[in-house]
Structure formats: structure tokens, C-alpha cells
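Numbering (UniProt numbering), first residue to last: 1 to 399. Each residue gets a CB set at the ideal place from its N, CA and C atoms; glycine is no exception. These numbers come from a predicted model, not from an experiment.
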């Protein structure tokens, strides 16, 4: 066995030590880089050499040192997928909770400026008028209260319409953002396939884009043999591809939450409009021709008479409206609880994920010392082998 064999073994040790030190330095430099995954050098024993021994040929083996197999990111795919799922759930509930909170704010119930209080004041004016139907001052009060009710109804209907328009714009913006991210992921897939399995920083960039996409949609990610990602909607396994329409209703995440929020707001707007229309019809001539909630008008010239069955109709309308407000409050509260729950789950998953993939400066510094000692030991091996060769070549030859 040649003495040069030991020199090669030392050289391989130096290469492995240098690669480990360089990778550790890369980790330290990116300790505060968002989306960076800790990297590590994977090594293994290089193939041994068969040597002659007293037992015959091939009966002994001598190690040849270390081989650098790869420099890989430290990731946990299960935690990554779990984190994406919690991100999607949180974004979905946040969109719904925000919309429900806005509807509650618009209604302002319970409160003196709300629809229910306006109905109470108009009903009270009718009660006063019923004792003296021909009293013009009392008739004027009824009309004033009716106008106040119409104004509140118009304000609520207009505000709900504006909220609906805003949700539609946000839904379109979320779809466009998702398309941009999908296209970016597609480009990164191609770059990673071209570069090969060592494209660690490109993979980090892709995972960051996938993380942003998971807030917009609930997705399932599968890595193919060539290193590219196949992305599908988690709900129906429908593939998500660049420049193709997105099924927003099945998307989940922020996009799905906005779609559901839009449907919820439109549903409440219709129910509130029905309440306003029913109350207006129950009040007879004080309101002009039948009109939508946002266009309600008061017949200022009409000679008013107490409508038949007004008491029962008003009580029923108010009971239905209070039930609607109660249902809204319950739904908004449930959405708020869901947001808090998902926030805690996301934080827990993120902490576990960071414990795997994040950079700990203490650990990296300890590793740096370890690799430095390994490098120094390999260098000492090379130096010792060099001295051996010097003895063989120079000193033995001199004799």
C-alpha cells in the first residue's frame, strides 16, 4: 500500500472539513434571513481498498477516508405541510371574521342609532298618534320618525353594498396574487430541475413562494423525482397550474375565505332588506310606493291612519330582526374564536418547524469548533505523511 494513499486520505479529510466549515459559515451569515433553511454536509466513508494480508489476496481492507455526498437543506416535509394547512385555515377564518365584524359595525346593534331603535321610535310615534289620529303635529312626528328609519335603512344598505364591492375587489386581487405566485413557482421549478439536487437556495426561494401561496389557498404539495413541485388544491385535489383559472370556491385560504365572506355579506344584506321592506309595508301609507331598502321614501303629504295589525306586524318584524342580529353575533364570535385557535396552532407549528430548519447560532458555533478540529487533524495527517515522504525520498536516498 502506497504512502501516497495516506496523503489522499488526508486530502479528502481536508475537503470534507472545508466544505463543512463553509456550509456552517453560510448558515451563520443567513441566520436572520427570512425563509432560509439550515444546510448540512452529508458525508460517508469512501470505498475501502482490498489489500494483501497473510491470509491471502482480498482478505483485508484499508479505509480511504471520507466522501462528500451532498449539501442538503434540513427540512421536515410533514411540518411544512402542516404549517401550510394552518396558514390557509388562519387566512380563511381571518377573512370571514373581518367581514362579519364589519357587518356588525354597520348594523350597530344594539344601539340608539341602529335599525331596531328606529323601528321602536316609529312605533312609539304611532302609539301617540293612535290617541289623536287627526293631530297634525303627531302626524308630522310619525313622518319624521319614518324618515329617520328610511335614512338608517339607506345607510345600512349603502354600507353593505360598499362592503360587497370591496370584497369583490379583494377577491380579484387575491386571485391575481395567487396567479403571480404560481407562475413564480413554475419558473423556480424549471431552474431547480436544471440546477439539480444541490439547488438549496433556489429551493428556499420556492418554499417561500409556496408559503405565501398557502395563505391564499389551501394546497397540497408533492415533490416529484426531478425535484419540481406539483401543487393541487387540498379540497378536491384539482391541480394548480400557471395561467389557468383558479376554482376560488374550492380554494380555501384567504381566497376561499373572501368568497365565503362575500356570500355571507350578500345573504345578510338580502335578509336586512327583507326586514326593511316588511316593516315599511306594515306601516302603511307613511312610506310611499314599495321600494328596495336603499330607495325607501316617506309620503310627506299623506294623511296618516293607524294601519290594521301594525302591532303584531311590527313585533314579528322586530323579533325576526333581533334573531338575525343574534345569529350574526354568534357567527362573528365563532369566527373570532376560530381565528385565535388557528393563530395558536400556527405559532406552535412554526416553532416546531424552526427548531428543525432554523439556524441556531449557538449550535453553529459549536459545529464550527468541531469542524475546525477535524480540519486541523486532517492537516496534521497531511503534514505527517509529508514528513514520511521526505524521509523516504530525501533521507533514505541520501544514504
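Rounding to the nearest angstrom, what Cα-Cα distance links residue i and residue j in this structure?
{"i": "residue 217", "j": "residue 186", "result": "16 Å"}
{"i": "residue 151", "j": "residue 94", "result": "31 Å"}
{"i": "residue 255", "j": "residue 367", "result": "44 Å"}
{"i": "residue 163", "j": "residue 154", "result": "14 Å"}
{"i": "residue 45", "j": "residue 19", "result": "15 Å"}
{"i": "residue 413", "j": "residue 223", "result": "Nothing can be reported for residue 413: it is not among the residues displayed for the chain, which extend from 1 to 399."}
{"i": "residue 401", "j": "residue 106", "result": "Residue coverage of the chain in this structure runs from 1 to 399, which leaves residue 401 outside it and unanswerable."}
{"i": "residue 232", "j": "residue 188", "result": "17 Å"}
{"i": "residue 401", "j": "residue 239", "result": "Residue coverage of the chain in this structure runs from 1 to 399, which leaves residue 401 outside it and unanswerable."}
{"i": "residue 271", "j": "residue 347", "result": "38 Å"}
{"i": "residue 147", "j": "residue 175", "result": "42 Å"}
{"i": "residue 385", "j": "residue 350", "result": "50 Å"}
{"i": "residue 128", "j": "residue 266", "result": "37 Å"}
{"i": "residue 209", "j": "residue 119", "result": "52 Å"}
{"i": "residue 80", "j": "residue 353", "result": "7 Å"}
{"i": "residue 138", "j": "residue 308", "result": "18 Å"}
Are the CB atoms of residue i and residue j nearer to each other than 8 Å?
{"i": "residue 27", "j": "residue 359", "result": "yes"}
{"i": "residue 380", "j": "residue 214", "result": "no"}
{"i": "residue 332", "j": "residue 104", "result": "yes"}
{"i": "residue 260", "j": "residue 96", "result": "yes"}
{"i": "residue 73", "j": "residue 37", "result": "yes"}
{"i": "residue 235", "j": "residue 250", "result": "yes"}
{"i": "residue 424", "j": "residue 262", "result": "Here the chain covers residues 1 to 399 and nothing more, so residue 424 does not appear."}
{"i": "residue 143", "j": "residue 300", "result": "yes"}
{"i": "residue 225", "j": "residue 182", "result": "no"}
{"i": "residue 203", "j": "residue 192", "result": "yes"}
{"i": "residue 40", "j": "residue 48", "result": "no"}
{"i": "residue 321", "j": "residue 275", "result": "yes"}
{"i": "residue 211", "j": "residue 87", "result": "yes"}
{"i": "residue 374", "j": "residue 63", "result": "no"}
{"i": "residue 198", "j": "residue 66", "result": "no"}
{"i": "residue 91", "j": "residue 253", "result": "yes"}
Any idea what DSSP makes of residue i, helix, strand or coil?
{"i": "residue 345", "result": "helix"}
{"i": "residue 39", "result": "strand"}
{"i": "residue 367", "result": "helix"}
{"i": "residue 127", "result": "helix"}
{"i": "residue 271", "result": "helix"}
{"i": "residue 192", "result": "helix"}
{"i": "residue 297", "result": "coil"}
{"i": "residue 109", "result": "coil"}
{"i": "residue 81", "result": "helix"}
{"i": "residue 62", "result": "strand"}
{"i": "residue 134", "result": "coil"}
{"i": "residue 230", "result": "strand"}
{"i": "residue 383", "result": "helix"}
{"i": "residue 48", "result": "coil"}
Between which two residues does the alpha helix (DSSP H) carrying residue i extend?
{"i": "residue 73", "result": "Per DSSP, residue 73 belongs to no alpha helix (DSSP H); it is in the beta strand (DSSP E), 66-73."}
{"i": "residue 215", "result": "200-216"}
{"i": "residue 249", "result": "248-251"}
Say whether chain C places a C-beta atom closer than 8 Å to the C-beta of residue i.
{"i": "residue 295", "result": "Included in the structure is just one protein chain, with no chain C present."}
On the DSSP letters alone, give me the boundaries of the beta strand (DSSP E) that residue i sits inside.
{"i": "residue 305", "result": "Per DSSP, residue 305 belongs to no beta strand (DSSP E) and is neither H nor E."}
{"i": "residue 221", "result": "219-223"}
{"i": "residue 393", "result": "Premise fails: residue 393 is in no beta strand (DSSP E) and is neither H nor E."}
If contact is defined by three or more beta carbon pairs under 8 Å, each pair taking one atom from either stretch, is the segment 127-136 in contact with the segment 341-348? The segment 127-136 and the segment 341-348 do not touch, with fewer than three beta-carbon pairs separated by less than 8 Å.
At a cut of 8 Å, does the segment 99-113 reach the segment 364-378 through at least three beta carbon pairs? Result no; under three Cβ-Cβ pairs closer than 8 Å.
I'd like to know if the segment 238-253 and the segment 272-285 are in contact, where contact means that at least 3 CB-CB pairs between them fall below 8 Å. By the Cβ rule, the segment 238-253 does not count as touching the segment 272-285, because fewer than three pairs are nearer than 8 Å.
Is the segment 61-79 in contact with the segment 350-357, if contact means three or more CB pairs nearer than 8 Å? At 8 Å Cβ cutoff, the stretches touch.
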